[in-house]
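Worksheet: one structure, shown below.
Protein chains: 2
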Amino acid sequence: MGDVFKALADPTRRALLDELQDRDGQTLFELCTRLLHRGVSSSRQAVSQHLDVLEQAGLVRRRREGRYTFHSLDTSPLRAITERWRIDPEEGPCGSP
Amino acid sequence: MGDVFKALADPTRRALLDELQDRDGQTLFELCTRLLHRGVSSSRQAVSQHLDVLEQAGLVRRRREGRYTFHSLDTSPLRAITERWRIDPEEGPCGSP
DNA sequence: TCGACAGGCAAGCGCTCACTTGCGTATGGT
DNA sequence: ACCATACGCAAGTGAGCGCTTGCCTGTCGA
Chain A
1 MGDVFKALAD
11 PTRRALLDEL
21 QDRDGQTLFE
31 LCTRLLHRGV
41 SSSRQAVSQH
51 LDVLEQAGLV
61 RRRREGRYTF
71 HSLDTSPLRA
81 ITERWRIDPE
91 EGPCGSP
Chain B
1 MGDVFKALAD
11 PTRRALLDEL
21 QDRDGQTLFE
31 LCTRLLHRGV
41 SSSRQAVSQH
51 LDVLEQAGLV
61 RRRREGRYTF
71 HSLDTSPLRA
81 ITERWRIDPE
91 EGPCGSP
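Printed below as a string of structure tokens:
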């Protein structure tokens with residue numbers, strides 16, 4: 001549980017999740033180069049360690065294929081947040097009293 | 001934005017939010033004693049600093065009254081989480097294709 | 001087969017974080 | 001007036017975090 005929040009506490013890791021949501025199944029170098037275009041400058045090893053944290057938090061899944069390692073996003077751990085502290089969905093399109 | 005996640009990264013702070021959701025408008029000492037009953041042992045100053053972090057993150061509001069300082073919960077910053085990465089509400093009661 | 005590519009592993013360094021310690025301030029009961 | 005209460009402020013300390021550096025393992029193309 002705490003691992004999820006610790007993972008989300010870093011701006012680079014949040015940018016990685018944004019990037020994976022934009023395009024799923026990217027490799028390490030793809031993520032590095034696309035982070036650069038976003039203005040986030042991080043070395044390969046740094047990004048790799050960030051992905052380790054995200055994987056341990058259950059937010060990212062790794063799939064090894066040949067010499068490539070593809071990463072995919074998994075937002076299911078975030079659902080526990082909305083269930084712990086009641087978050088009113090701001091009376092969204094569901095509201096019908 | 002990152003302040004919210006950094007605030008949520010600590011288990012003591014999450015326990016404080018739980019406690020405030022259970023009973024709103026508690027003072028520092030009330031929160032300290034009730035944390036003890038939950039098994040979370042923290043000094044007064046430690047809890048005060050945690051509340052500082054939560055206040056800076058916008059998750060807790062302070063209201064000074066005489067020599068008491070009451071704390072109230074505000075979950076609105078958490079809504080940004082659900083809006084950033086689409087979190088399916090597990091096909092809640094809203095689903096009607 | 002050889003070299004370039006994609007990635008993993010681990011130690012070291014600077015910085016932040018959580019906590020403690022000590023003192024100061026203001027309120028309220030008696 | 002006096003003292004206990006409720007709380008704030010600030011410096012110091014130990015542990016964890018993010019990043020770098022260096023080296024090693026597989027994998028694919030020419």
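Protein chains in written order, with full-length UniProt numbering: chain A, 1 to 97; chain B, 1 to 97. Glycine included, each C-beta is placed from N, C-alpha and C at the ideal position. What you are looking at is a predicted structure, and each value in this text was computed from that prediction instead of being measured.
Residue i, buried or exposed, once every other Cβ within 10 Å from all chains shown has been counted against 16
{"i": "B/Ala-80", "result": "exposed"}
{"i": "B/Ala-46", "result": "exposed"}
{"i": "B/Arg-61", "result": "exposed"}
{"i": "B/Glu-83", "result": "exposed"}
{"i": "A/Arg-14", "result": "buried"}
CB-CB length for residue i against residue j, believed under 8 Å
{"i": "B/Ser-72", "j": "B/Gly-25", "result": "6 Å"}
Cutoff 7 Å: residue i Cβ touching any chain B Cβ
{"i": "A/Thr-12", "result": "no"}
{"i": "A/Gln-26", "result": "no"}
{"i": "A/Thr-33", "result": "no"}
Short CB-CB distance (under 7 Å) between residue i and chain A
{"i": "B/Phe-70", "result": "no"}
{"i": "B/Gly-2", "result": "yes"}
{"i": "B/Gln-49", "result": "no"}
Could you tell me whether the stretch 31 to 38 of chain A touches the stretch 36 to 44 of chain B, using the rule of 3 or more Cβ pairs below 8 Å?
-> no
Any chance the stretch 2 to 11 of chain A sits against the stretch 53 to 73 of chain B, with 3 or more Cβ pairs inside 8 Å?
-> no
Would you be able to state if there are at least three C-beta pairs under 8 Å between the stretch 5 to 22 of chain B and the stretch 50 to 64 of chain B?
-> yes
Identify every run of the beta strand (DSSP E) within the UniProt domain "HTH arsR-type" (1 to 93) of chain B, keeping only runs that are complete inside it and at least 3 residues long; order them along the chain.
-> 60 to 65 and 68 to 73
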